[in-house]
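Sequential numbering from 19 applies to the sequence shown in my numbering.
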Amino acid sequence: MKALWLENNKISLRDDVPQPQKPNEALIKIRKAGICSTDLELVKGYYPYTGVLGHEFVGEVVEAPDASWIGARVVGDINAVCGKCEACLNGRSTHCESRTVLGIVNRDGVFAEYTTLPLENLHRVPDSVPDKMAVFTEPLAAALEIQQQIQIKPTDRVLVVGAGRLGQLISQTLALTGCDLHVLARHSFQQNLLTARGIRIISAENIQPRKWDVVVEVTGSPDGFNIARTAIRPRGTLVLKSTYKGDMSVNFSSIVVDEINIVGSRCGPFEPALRLMEKREVDPTVLIAEEYALGDGILAFEKAAKSGMLKVLVGA
């Protein structure tokens, strides 16, 4: 089958990748897949990985251990877990000690004609949610994980630092809480997307230091972290929603003195994400910049890697 293959930090389009087959897993034909920052960082060498890239997708089940799934349009949790280790048994399955991660760790991903996942990873897509919306389920779920981890009160002053692909989704979901939300967005097209939804933007110069109850850092850059750290009030909560390449210098003494709560945040709940899209309470499709066929996948990655680019999709 055709697939985008990563090896030695280089992507190639291959047509000789064997169609995946795993015992007790569903075979899924990919309809659409999305390129995210993690994919781009894997190409740069953020984490050693060889295989088919990609983890954001919507597809159709063509084979399954349970025939009732065949023909279903699905999205899927990216962590395939053992269910037996200490982390799994204590409700921390996304930290399974032997997990594989779709397109990231020891499991081929979705920039291909087919992929496989265990049935327990799959979620049926409501009929009213089109493919171009369903393909955003995984990043939208990641945005919702913030509210799984901490309580956002309507009285909270909340700052989101960064308004790229994930920052936009986080902003849309946080706006539903009624909090006093502001977003630091540097590009005019990012600002326009936010203001169209009634979300207030703020410049770096107007961010009051040590006044914000919750700050979400989504840039993955030292500058973004420094802005977030300056903004958070004593005993506030700093949510880190990005991975950082390499080492970063942090004054931990000031974090201790100010009693800052730091929360790392990644994967989130799929069913609430699907419900929000079904009810049209969020609209991730405004983020779509370009769509390419799988055969043009290398061009798609080149486009996605451009500064400030929003979502690039790869179709079947």
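Here a beta-carbon is modelled for each residue, glycine too, at the ideal position from N, C-alpha and C. Note that the structure is predicted; figures quoted are calculated from it, not measured.
For D33 and I188, I'd like the C-alpha separation in whole angstroms.
Distance between the alpha carbons of D33 and I188: 37 Å.
Pick from V93, E115, A51: whose alpha carbon is nearest that of G101?
For the residues V93, E115, A51, the minimum Cα distance to G101 belongs to E115.
Bridge partners of A21, per DSSP?
R32, A130.
Kindly identify the DSSP beta-bridge partner or partners of R218.
In the DSSP output, where bridge partners are listed per residue, R218 has H200.
In chain order, what residues of the same chain have a beta carbon less than 6 Å from the beta carbon of D57, not counting five sequence neighbours either side?
Here the set comprises L71.
What ranges does the alpha helix (DSSP H) occupy inside the segment 298-333, keeping only unbroken runs of at least 4 residues that lie completely in it?
If we require 4 residues or more, the alpha helix (DSSP H) runs fully inside the segment 298-333 come out as 315-322.
Helix or strand or just coil, what does DSSP make of P252?
In this structure, P252 counts as strand in the three-state DSSP scheme.
Check for me: the beta strand (DSSP E) holding A44 runs from which residue to which?
Taken as a continuous stretch (DSSP letters only), the beta strand (DSSP E) holding A44 covers 43-53.
Within the chosen definition, does the segment 167-183 reach the segment 194-209 through at least 3 CB pairs nearer than 8 Å?
Touching, per the Cβ criterion.
Taking only three categories from DSSP, how would you classify L177?
Strand, per DSSP.
Assign K62 to one of two classes, buried (16 or more other C-beta atoms within 10 Å of its C-beta) or exposed (fewer than that).
Per the 10 Å Cβ criterion, exposed.
Measure the C-alpha to C-alpha separation of P122 and L135 and round it to an integer number of angstroms.
Note on identity: in this sequence residue 122 is Ile, with Pro being the wrong assignment. Distance between the alpha carbons of I122 and L135: 14 Å.
Would you say the beta carbon of E74 comes nearer than 6 Å to a heavy atom of the ligand FMN?
No copy of the ligand FMN occurs in the structure displayed, which carries no ligand at all.
Please tell me whether E308 and K321 are closer than 7 Å, where the distance is taken between their beta carbons.
Yes, the pair counts as a contact, with Cβ atoms nearer than the cut-off.
Tell me which residues share the same chain as K229 and place their Cβ nearer than 8 Å to its Cβ, disregarding the 5 neighbours each side in the sequence.
The residues are R175, A249, R251.
Identify the residues that DSSP records as bridge partners of T237: which are they?
T237 is not bridged to any residue.
Considering only C-alpha positions, which residue in the set G77, Q209, Q186, Q169 is nearest to G196?
Checking every option, the nearest Cα to that of G196 belongs to Q169.
Over what stretch of residues does the beta strand (DSSP E) that includes L140 continue unbroken?
From DSSP, the beta strand (DSSP E) with L140 extends over 140-142.
Going by Cα to Cα distance, which pick from L256, V304, F288, T173 is closest to E277?
The shortest Cα separation from E277 among L256, V304, F288, T173 belongs to L256.
Which residues in the same chain have their Cβ closer than 7 Å to the Cβ of E43, if we skip the five residues on either side of it in sequence?
Cβ neighbours of E43 beyond the five flanking positions: T134, L135, P136.
So that I know if they touch, is there some Cβ in chain B lying closer than 7 Å to that of A44?
No chain B is present in this structure, which holds just one protein chain.
By Cβ distance below 8 Å, which residues in the same chain neighbour L292 in space, the five residues on each side in sequence not counted?
V93, H141, V143, P144, V147, A152, T155.
Between which two residues does the alpha helix (DSSP H) harbouring R183 extend?
Unbroken alpha helix (DSSP H) run through R183: 183-193.
Which residue wins for smallest C-alpha separation from V128, given the options G52, F319, D265?
Closest option to V128, Cα to Cα, is G52.
Applying the 10 Å Cβ sphere with the 16-neighbour rule, what's the burial state of Q37?
When all chains shown are included, Q37 counts as exposed.
Using 10 angstroms around the beta-carbon of S260, count the other beta-carbons present and answer buried if the total reaches 16, otherwise exposed.
Result: buried.
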